[in-house]
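Have a look at the structure below before the remarks.
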Amino acid sequence: MVNLGDIFPNFSADTSDGKIEKFHDWIGDSWACLFSHPADYTPVCTTELARAVSLEPEFKKRNVKLIALSCDGVDSHIGWSKDILKFAGSDKTKLPYPIIADESRDLAVQLGMIDPDEKTKEGLPLTARAVFIIGPDKRLKLSILYPATTGRNFNEILRVIDSLQLTATKKVATPVDWKSGDDCMVLPTIPKEEANKLFPKHQVVPLPSEKEYLRRTPQP
Numbered sequence: 001m002v003n004l005g006d007i008f009p010n011f012s013a014d015t016s017d018g019k020i021e022k023f024h025d026w027i028g029d030s031w032a033c034l035f036s037h038p039a040d041y042t043p044v045c046t047t048e049l050a051r052a053v054s055l056e057p058e059f060k061k062r063n064v065k066l067i068a069l070s071c072d073g074v075d076s077h078i079g080w081s082k083d084i085l086k087f088a089g090s091d092k093t094k095l096p097y098p099i100i101a102d103e104s105r106d107l108a109v110q111l112g113m114i115d116p117d118e119k120t121k122e123g124l125p126l127t128a129r130a131v132f133i134i135g136p137d138k139r140l141k142l143s144i145l146y147p148a149t150t151g152r153n154f155n156e157i158l159r160v161i162d163s164l165q166l167t168a169t170k171k172v173a174t175p176v177d178w179k180s181g182d183d184c185m186v187l188p189t190i191p192k193e194e195a196n197k198l199f200p201k202h203q204v205v206p207l208p209s210e211k212e213y214l215r216r217t218p219q220p
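In the UniProt record's numbering, the protein residues as written are 1 to 220.
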């Protein structure tokens, strides 16, 4: 199991685009989004990976590499990719991201992605719908785990990436339902004098407690 802030495993894996010898080398200086799905040739997974195809330019714009994973083999991934591209309405001849073949379940177990309620006809466990965002420093920045029955919202994943990348370099936090361009919150650990210098346009939100902890500022 990998916790937030941990160095992400530097695994090797076979994928639909060939073998990745070292995951960290594959990431390079980019961010990465690794997302797993229960099985190839299944309805919800097809809609998800098709959505990832459509949104790949948005991830690329944010310097984020996409990589998927399931417990099926490389040949299955390659064959299924044609269905994904068709459903996405894409004229591409191959997926713009690789799919990891984790037939042994070793990586799924290491990353805590197994769904105990989902199994193959042979009784083997399947992966849940996990999302891992890894930074250029190879540390885990975000993890989300969905059950097999619930498809992901990739627009939400992009929103979270915007927040992670902003707050990695600016002393702000993003409030509820925030999206890029909205006001942010000054970190409560920033002293008043420093906040005035860093965020001259920030405003203290008046509250019954009269405590000046809720400080709103335009996105830096």
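Think of the CB as a built atom: it goes at the ideal place given N, C-alpha and C, for glycine as much as any other residue. Computed from a predicted model, the values in this text were never measured in an experiment.
So, helix, strand or coil for residue i, using DSSP?
i    : result
W80  : helix
I190 : coil
D14  : strand
L207 : coil
K197 : helix
State the CB to CB distance for the pair residue i and residue j, rounded to an integer number of angstroms; the pair is presumed to be in contact (CB under 8 Å).
i    : j   : result
A68  : F23 : Not quite, the Cβ-Cβ distance comes to about 14 Å (not below 8 Å), so this is no contact.
G135 : W26 : G135 to W26, Cβ: 14 Å. No contact.
I157 : C33 : 7 Å
S70  : H37 : 5 Å
F154 : R51 : 5 Å
For residue i, which residues in the same chain have their Cβ closer than 6 Å to its Cβ, ignoring the five residues on either side in sequence?
i    : result
L145 : A128 and A130
W80  : D40 and Y41
L4   : L140
D29  : P136
P220 : K170
A108 : D102, I114 and T127
L10  : For the record, residue 10 in the displayed sequence is Asn; it is not Leu. Contacts found: K22, F23 and H24.
Which stretch, first to last residue, makes up the alpha helix (DSSP H) that contains residue i?
i   : result
D25 : F23 to I27
With a CB to CB cut of under 8 Å and the five nearest residues on each side skipped, what residues in its chain are close to residue i?
i    : result
K179 : R159 and D162
L187 : K171, V172 and A173
T15  : I67, V74, H77, P98, I99, I100 and A101
K19  : S12 and A13
E56  : L66, P96 and Y97
K92  : V53 and L85
G151 : V44, T47, E48 and R129
Kindly indicate the opening and closing residues of the beta strand (DSSP E) around residue i.
i    : result
T169 : No beta strand (DSSP E) holds T169; DSSP gives it neither H nor E.
A32  : W31 to S36
Apart from the five residues on each side of it in sequence, which residues of its chain come closer than 7 Å, Cβ to Cβ, to residue i?
i    : result
K207 : Rather than Lys, the amino acid found at residue 207 in this sequence is Leu. The answer, listed in chain order, is L214.
A195 : V186, H202 and R215
D6   : R139 and L140
T46  : D83, I84 and F87
P218 : D183 and K201
Could you give the uninterrupted runs of the beta strand (DSSP E) lying entirely in the segment 41 to 103, keeping only those of 3 residues or more? For the segment 41 to 103, whole beta strand (DSSP E) runs of length 3 or above, ordered along the chain, are 64 to 70 and 99 to 101.
Start-end ranges of the beta strand (DSSP E) lying completely within the segment 105 to 156, minimum 3 residues: Note on the segment 105 to 156: whole beta strand (DSSP E) runs with a minimum of 3 residues are 114 to 119, 125 to 127, 129 to 134 and 140 to 146, in chain order.
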